[in-house]
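Student: Pasting in a structure now, in structure tokens, and then I'll have a few things to ask.
In my numbering, the protein residues as written are 192 to 519.
Next up, the structure:
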């Protein structure tokens, strides 16, 4: 791969004992099963005309991308959670009813979106109340916004630090590191071997962790443009500005990614990379193997078409079905 060529953009998500990778039209997960085998899961990205138009609009495309990612990501997460600690053949079999499948898909997608929105509301509003409680110490608009942003950043770092102490999440963060290493190896034009991948950085400019930090920074500057008093108006403003903060933060994330190879300017993305030191861990070789397998399966689908890939041949599921599990 030469530097003049513009490779397609791939993204990913760490799962329980696995990694999901996605492209413009496809998403694939590979997980490590209880018997040490690999299991795959496929979900297509439906390119609906309306959403495709929205994705071309700056500051709107980020919101659309996040909602889409939350819905699809939840389905991959559910697959990994249901199968990673179960021996092949012991899975709960689906009853085959199309209505039940549709309800499950809609339900999982809705839970993913609602979970994201709930978390965003909590991390947006709790700092408001904490800052307001200290109004007698830090009065005035500027002091209140700075204090609110401080609490928001503190809550974010505390939350990540606490969950990273659990063995399960610690392993997920290792898979997160493996995901980034695979993407970095691919973008650097290296063969995807365990040795090459392990030599890469576990940090990446496009990571969602960077996005979370940018929402804190961007939100702080936007809040200076609206009143903080009275409290009810401040709360309303924060809620109404959530999509604005998300939209702008997404553009900032894309902008810093475009500058990552430019001296001096590349440092604009460093705050996000620093946060990734908490959300990623150095992976084990076997975890890297899973990430490589997932990415290679995605590339195989991209090159040969989903109807020609083993992930479908090992099942009786038709090509047009929305989800395809396959043991490998």
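We put the CB at the ideal spot given by N, CA and C, even for glycine.
Identify every residue that forms a DSSP beta bridge with residue 467.
Tutor: None, per the DSSP bridge assignment.
Student: I'd like to check one pair, residue 440 with residue 406: are the Cβ atoms closer than 8 Å?
Tutor: Yes, the Cβ-Cβ distance between residue 406 and residue 440 is below 8 Å.
Student: Does the structure place the segment 486–501 close enough to the segment 418–431 that three or more beta carbon pairs sit under 8 Å?
Tutor: These segments do not touch.
Student: With DSSP as the reference, label residue 200 as helix, strand or coil.
Tutor: Residue 200: coil per DSSP, three-state reduction.
Student: In terms of alpha-carbon separation, which member of 243, 228, 205 and 209 lies closest to residue 216?
Tutor: If we check each option's Cα against that of residue 216, 243 comes out closest.
Student: In whole angstroms, give me the CA-to-CA distance for residue 505 and residue 231.
Tutor: Reliability of the predicted coordinates at residue 505 is poor, the pLDDT of 37 falling under 50, and the value obtained from them is presented with this limitation in mind. Approximately 11 Å between the Cα atoms of the pair.
Student: Helix, strand or coil for residue 218? Go by DSSP, reduced to three states.
Tutor: Residue state, collapsed to three classes: strand.
Student: Please give me, in chain order, every unbroken run of the alpha helix (DSSP H) with length at least 4 that falls completely inside the segment 410–470.
Tutor: With a minimum length of 4 residues, the continuous alpha helix (DSSP H) runs that stay inside the segment 410–470 are 422–431, 433–449 and 461–470.
Student: With a cut-off of 8 Å, do at least 3 Cβ pairs link the segment 390–400 to the segment 234–249?
Tutor: Taking 8 Å as the limit for Cβ pairs, the verdict is that the segment 234–249 does not touch the segment 390–400.
Student: What three-state label does DSSP hand residue 368 in the structure shown?
Tutor: Three-state DSSP puts residue 368 in a helix.
Student: Check each candidate in 430, 409, 199 and 342 and name the one with the smallest Cα separation from residue 250.
Tutor: With distances taken between Cα atoms, residue 250 lies closest to 409.
Student: Can you tell me which of 322, 219, 471 and 398 puts its alpha carbon nearest to the alpha carbon of residue 443?
Tutor: Measuring from the Cα of residue 443, the nearest candidate turns out to be 398.
Student: Checking the sheet assignment: what are the DSSP bridge partners for residue 527?
Tutor: Residue 527 is absent from the model: the chain starts at 192 and stops at 519.
Student: Quick check on the burial criterion: 16 or more other C-beta atoms within 10 angstroms. Buried or exposed for residue 315?
Tutor: So residue 315 ends up on the buried side.
Student: DSSP state of residue 356, grouped into three classes?
Tutor: The answer is coil: DSSP assigns residue 356 none of H, G, I, E or B.
Student: Where does the unbroken alpha helix (DSSP H) through residue 243 begin, and where does it stop?
Tutor: Counting along the chain, the alpha helix (DSSP H) containing residue 243 begins and ends at 240–245.
Student: Report the CB separation of residue 338 from residue 329 in whole angstroms; it is logged as a contact under 8 Å.
Tutor: Sure, about 5 Å apart at Cβ, within 8 Å.
Student: Hey, is the segment 207–224 in contact with the segment 454–466, meaning 3+ C-beta pairs nearer than 8 Å?
Tutor: In short, these stretches do not touch, since the Cβ pair count stays below three.
Student: How many whole angstroms separate the CB atoms of residue 206 and residue 268, which I take to be in contact at a CB cut-off of 8 Å?
Tutor: Between residue 268 and residue 206 the Cβ distance is about 6 Å, and since that is below 8 Å, they are a contact.
Student: Would you kindly check if the distance between the Cβ of residue 478 and the Cβ of residue 369 is under 8 Å?
Tutor: Yes, the pair counts as a contact, with Cβ atoms nearer than the cut-off.
Student: Confirm, please, whether the CB-CB distance from residue 437 to residue 253 is below 8 Å.
Tutor: Taking 8 Å as the Cβ cut-off, residue 253 and residue 437 qualify as a contacting pair.
Student: Quick check on residue 206: does DSSP put it in helix, strand or coil?
Tutor: Three-state result, residue 206: strand.
Student: What's the call for residue 270, buried or exposed, on a 16-neighbour Cβ count within 10 Å?
Tutor: Buried: at least 16 other Cβ atoms inside 10 Å.
Student: Please go through the same chain and pick out, in chain order, the residues whose beta-carbon is closer than 7 Å to the beta-carbon of residue 323, but skip the five residues on each side of it.
Tutor: Hits under 7 Å: 422.
Student: Since residue 213 sits in a beta bridge, which residues does DSSP pair it with?
Tutor: Paired residues: 202 and 218.
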